[in-house]
Amino acid sequence: MNRCRCLVLNAALGPLDYRVPDGMHVEPGSVVVAPLGPRQVMAVVWDEGRLPGTEVPAGKLRPLLSVLPVPPLAAPLRRLIEWTADYYLAPLASVVRMALSSSAALQGGGMVTEYRLTGAEPGRLTAQRTQALERLEGQQATIRELAEIAGVSDSVLRGMVGAGLLEAVRVDSDRPYPEPDPHHAVPDLSPAQAEIAARLVAVVEEHRFQPFLLDGVTGSGKTETYSEAIAAAIEAGRQVLILLPEIALTQNFLTRFEARFGCPPVAWHSSLKSSERRRAWRQVAFGGAKVVVGARSALFLPFAALGLIIVDEAHEIAFKQEDGVRYNARDVAVMRARFEQIPVVLASATPALESLQMAEAGRYERLILPDRFGGAQMPDIKIVDLRTEQPERGHWLAPTLVRALVERAERGEQSLLFLNRRGYAPLTLCRTCGYRFQCPNCSAWLVEHRLSRRLACHHCGHEVPTPERCPECGEPDCLVACGPGVERIADEMAEILPDARVAVVTSDTLTSPAKAAEFVDLATHGGIDVIVGTQLVTKGFHFPELTLVGVVDADMGLEGGDLRAAERTYQQIAQVAGRAGRGEKPGEVLLQTRHPEAPVIAALACGDRDAFYAAETEARRSAGAPPFGRWAAIIVSSEDEAEAREAARAIGGTRPALDDVMILGPTPAPLALLRGRYRYRLLINARRSSGLQTILREWLEPLKFPPGVRVAVDIDPYSFV
Ligand SMILES: Nc1ncnc2c1ncn2[C@@H]1O[C@H](COP(=O)(O)OP(=O)(O)OP(=O)(O)O)[C@@H](O)[C@H]1O
Ligand SMILES: [Zn+2]
C-alpha cells in the first residue's frame with residue numbers, strides 16, 4: 001500500500017488521502033499521525049472503498065508521519081464504528097474517538113514514575129500537607145493525579161517529595177493484570193440455572209453470533225448463571241466484556257467476581273485515573289485484560305479476541321447516552337456481538353419491551369429463571385391507598401408504612417425507602433412574597449440540599465448557598481420547602497425511630513466507587529437499619545437482612561406523560577421490590593399511591609407481569625411506538641432564543657411530506673431552557689420500514705444554520721424533555 005484513505009479525528013473533515021512513505025507499514029485500522037495544514041493530527045487508516053473521498057493525484061499526497069505503537073483496530077470494530085455513525089447520524093470521527101479513548105495508551109507503554117506516602121514521621125505541618133497526608137493514604141499515582149485527589153497543588157506535593165514524605169516508584173504501565181481462574185470457586189447451580197448455563201456455554205464454545213435474553217426474577221442468580229459462560233470464554237482463551245449501567249454498581253460486582261474467579265476483573269469507567277486508563281486500554285488491545293467490566297463507553301474498546309458480551313440490568317435507561325453520540329449501549333452491544341460473531345447476553349428481571357419483542361419474534365433466544373435461588377420467596381406487594389390513609393401534616397409516610405418500619409426495627413431487620421428525588425425538597429418558596437427559586441440557566445426549580453446547605457439545579461449543576469433571607473422581599477426565615485426528597489424522608493425516619501441508623505443513598509452521597517463499596521459493606525454487615533435512596537438503590541444489591549421496601553410515591557414516574565412512563569414505573573418498582581426478602585426471611589413491599597386502579601400499580605400489586613406487558617405491548621402497537629414503529633427527535637438549541645426559534649422553524653418548513661412518516665413540531669421543548677441554551681424539538685414517528693436515517697439525512701444535510709445553533713438528532717430517543 002503506497003497510498004491510503006484515513007479517517008482524521010476531526011468531526012468537521014471528511015476522509016483524507018495520504019501517501020505511505022517507503023518503509024512504513026500500515027494496514028486498515030492502523031492508528032497513525034498525519035499532517036493537516038501546519039498541524040499534526042491523529043487518524044485511522046480505513047478499508048479501501050468504504051469511505052467516500054475525492055481522488056487526489058499521487059504527486060499531491062502528503063506522507064503520513066508515523067504509525068502509533070498499538071495494534072490496528074480490528075475489522076469487527078471498524079464495522080461497528082461505521083454502523084454506529086450511520087445509525088445514529090453521528091460523525092465517524094466522533095465514534096472513532098470513543099474507540100481511541102486513552103491518548104496516553106496510543107503513545108506506547110513503558111515505565112512511568114508514580115508516588116506514594118513513605119510513612120515517614122512528618123515534622124511541622126502546613127494545613128495543605130496535613131490534608132495531603134490524610135487524603136493520599138493508600139494511593140499511588142502520578143503527581144498530577146495525586147494533586148487532584150489531595151486537592152492541593154503539584155508544588156505542595158513536590159515539596160513533600162523533597163521532605164521525604166512522598167517517594168517515587170517506577171512502574172511498568174504495561175504490566176499484566178492477574179488472570180481470572182475459571183475453576184476458582186465454582187458454585188453448585190440449581191437445575192434451572194445449570195440448564196441455562198449449559199446453553200450459554202455451548203454457544204460460547206461454538207463462537208457464533210446469538211443474542212440471549214436472560215429473563216430471571218430478582219434474586220434468581222442471573223450473575224451465577226452467566227458466570228459459567230464467562231468461565232467458558234476464559235477457558236477458550238477469549239476476552240469478555242460485561243456492561244453495567246452505573247459505576248455505583250461496579251464495586252459490588254468486582255467483589256462478587258473476585259469471589260468466583262479469584263481476582264477482580266479490569267474496570268473501565270469515567271472516574272479511572274489516566275494511568276489506569278492507559279494500562280487498561282493497552283491490555284484490552286494486547287489481550288492481557290481477560291474480563292472487562294465497564295460503563296457503556298467500554299463497548300468501543302479495541303478487544304484483541306472478544307468471545308462474549310454480557311449486558312447486566314439490560315433494561316436500564318442509563319445505557320442510553322444523552323449527549324455527544326446519542327447511542328443506546330444495549331443495542332450497540334448486540335451489533336458488536338454480530339460483527340464479532342459471538343454471543344451476547346441481555347440479563348434483566350424486567351426486560352425492556354423492545355427486548356421481549358425481539359425474543360417473541362425469534363431474533364433473541366429467551367432463557368427464563370422463574371424462581372429465586374435457594375427457595376427464597378418473591379416478596380408480598382401491598383398497596384397503601386393515600387386517599388384513605390393520610391400521612392401526618394408535613395409528613396410523607398402513612399401510618400401503615402410507619403408501623404411496618406417500627407416492626408422491622410424491633411426485630412432488628414433492615415428497611416429500604418425508595419423515592420426517586422435527590423435532596424431535601426424539589427421546590428423552595430418564600431412564605432411572604434411567593435418568590436420561587438429557579439435556575440438562571442434552565443427551566444427548572446432549584447432543589448434544596450440540606451446536607452450541603454445549598455440550592456442546586458439538577459440539570460446544569462448551578463448551585464447557591466441556601467440564603468437566610470428571601471432575595472426578593474428581604475424577609476428573614478421565610479423560606480418553605482415544598483414536597484419531599486430523600487433527605488426529608490430521612491429526617492422523618494429520625495423522628496419515627498430516633499435510634500435507627502439511617503443512610504441516604506443517592507448520587508450525591510455515593511460519589512465514588514470507594515464510597516459505594518463502603519455503603520455495601522455497612523449495609524451487608526448490619527451497620528444500617530434504614531436505607532433511603534433514589535433509583536441508585538433499586539438494582540443489583542443483595543442485602544440478606546432487608547425485609548421491608550417502602551415506595552414513598554409509586555405514582556411519581558407516571559406524571560409527565562413520557563411514552564415509556566408506565567414501563568419505567570413498572571421496572572423501577574419491580575426492581576426495588578426485588579431487594580426485599582432475598583435471604584431467609586420473607587420480604588414485604590408497601591406501595592404508597594393515589595391511583596391504586598392504574599394498570600401498572602394494579603399489575604405490580606397482583607404480581608401479574610405478563611398481563612402488564614401484554615397491555616403495554618398493545619398500547620405501543622396501536623400508537624405505532626417502538627418496537628412497532630420508530631421515533632427520532634430533532635433538538636435545536638441556541639443561546640439566543642430568536643435564533644433557536646428561527647432555526648427550528650426553518651427545519652419545520654422544509655419537512656418532507658411522506659405517507660409513512662409523521663412529523664410533530666417544532667415546539668419549545670418541555671425543558672425550554674437548558675444550561676443557558678433555548679431549545680426547540682421536533683418529533684418524528686415512522687414505520688419500521690421507512691428508512692428513517694436516510695430521510696433525516698436528506699432533510700437536514702442541505703440546511704445551513706448560524707454558528708451558534710446546534711441541531712442534535714436523537715434516534716430511538718428515551719428522553720422527551
Ligand atoms: N448457584 C448458586 N449458589 C450459591 N449462591 C447463589 C447461587 N445462585 C444465586 N446465588 C445467590 O443468590 C443471590 C441472588 O443472586 P443474584 O444477585 O445473582 O440474583 P440476580 O438474578 O442478579 O438478581 P437481581 O436481578 O435482583 O440483581 C446472591 O447472593 C447469589 O450469590
Ligand atoms: Zn440549571
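Residues 1 to 721, numbered by full-length UniProt numbering, are exactly what the sequence shown covers, in order. Just so you know, even glycine gets a beta-carbon here, dropped at the ideal spot from N, CA and C.
- In the DSSP assignment, the residues bridged to Glu588 are Asp380, Leu548.
- Beyond the five residues adjoining it in sequence on each side, Ala120 comes within less than 7 Å, by CB distance, of Gly164, Leu165 in the same chain, given in chain order.
- Taken from the Cβ of Glu224, at least one heavy atom of ligand 1 lies inside 7 Å.
- In this structure, Val266 and Ala289 form a Cβ contact; the two beta carbons are roughly 4 Å apart against a cut-off of 8 Å.
- The beta carbon of Gly607 sits no closer than 7 Å to any heavy atom of ligand 1.
- Considered as a whole, the stretch 361–448 harbours 399–411 as its complete alpha helix (DSSP H) runs of no fewer than 4 residues, in chain order.
- Look at the beta carbons and you see the stretch 414–421 touching the stretch 547–562: at least three pairs across the two are nearer than 8 Å.
- Asp312 is bridged by DSSP to Ala347.
- Residue Lys585 holds the alpha-carbon nearest to the alpha-carbon of Glu545 among Pro717, Ile531, Lys585, Thr617.
- Here the alpha carbons of Thr142 and Arg568 stand approximately 43 Å from one another.
- Looking at the backbone, the Cα of Tyr435 and that of Glu472 are separated by about 7 Å.
- With a cutoff of 8 Å on beta-carbon distance, Ala11 and Ala93 are scored as near each other.
- A direct Cα-to-Cα measurement between Ala318 and Ser507 gives close to 13 Å.
- A straight-line Cα-Cα distance of about 44 Å links Gly423 and Arg170.
- Beyond the five residues adjoining it in sequence on each side, Leu353 comes within less than 7 Å, by CB distance, of Glu567, Tyr613, Glu616, Thr617, Arg620, Pro627 in the same chain, given in chain order.
- Judged by DSSP secondary structure, Ala267 falls outside any alpha helix (DSSP H) and instead within the beta strand (DSSP E) spanning 266–268.
- Taking C-alpha positions only, Val20 is separated from Cys6 by approximately 11 Å.
- The beta carbon of Glu167 is closer than 7 Å to those of Tyr115, Arg116, Thr118 in its chain, skipping five residues each way along the sequence.
- Approximately 7 Å separates the beta-carbon atoms of Ile381 and Leu591; this is inside 8 Å, confirming the contact.
- Secondary structure remark: continuous alpha helix (DSSP H) runs of at least 4 residues inside the stretch 96–144, in chain order: 103–106, 127–135.
- Using a cutoff of 7 Å, the CB of His183 does not count as near ligand 2, since none of the ligand's heavy atoms is closer than that.
- The secondary-structure analysis by DSSP pairs Lys320 across a beta bridge with Asn328.
- Of the residues assessed, Leu386 falls on the buried side of the cut-off, its CB having 16 or more other CB atoms within 10 angstroms.
- Sorting Lys320, Gly23, Val721 by C-alpha distance to the C-alpha of Ser297 places Lys320 at the top.
- Taking a cut-off of 8 Å on C-beta distances, the stretch 206–226 touches the stretch 345–352, as three or more cross pairs fall below it.
- Taking 7 Å as the cut-off, the C-beta of Ala669 does not count as close to any heavy atom of ligand 2.
- Remark: the shortest separation between the CB of His462 and any heavy atom of ligand 2 falls under 7 Å.
- The residue from Asp17, Trp46, Leu427, Val530 with its alpha-carbon nearest to that of Pro63 is Asp17.
- Arg19 carries a strand assignment under DSSP once its states are collapsed to helix, strand and coil.
- Between ligand 2 and Ala672, a heavy atom-to-CB distance of less than 7 Å is absent.
- Annotation for Asp521: the continuous alpha helix (DSSP H) segment containing it runs 513–524.
- Not one heavy atom of ligand 2 sits closer than 7 Å to the Cβ of Cys263.
- In the same chain as Arg279, and ignoring 5 residues on each side of it, the C-beta atoms closer than 6 Å to its own belong to Ser173, in chain order.
- At a cut-off of 7 Å, the beta-carbon of His459 counts as near ligand 2: some heavy atom of the ligand is closer than that.
- The three-state reading of DSSP puts Leu64 in coil, since its state is none of H, G, I, E or B.
- The beta carbons of His459 and Arg675 sit closer together than 8 Å.
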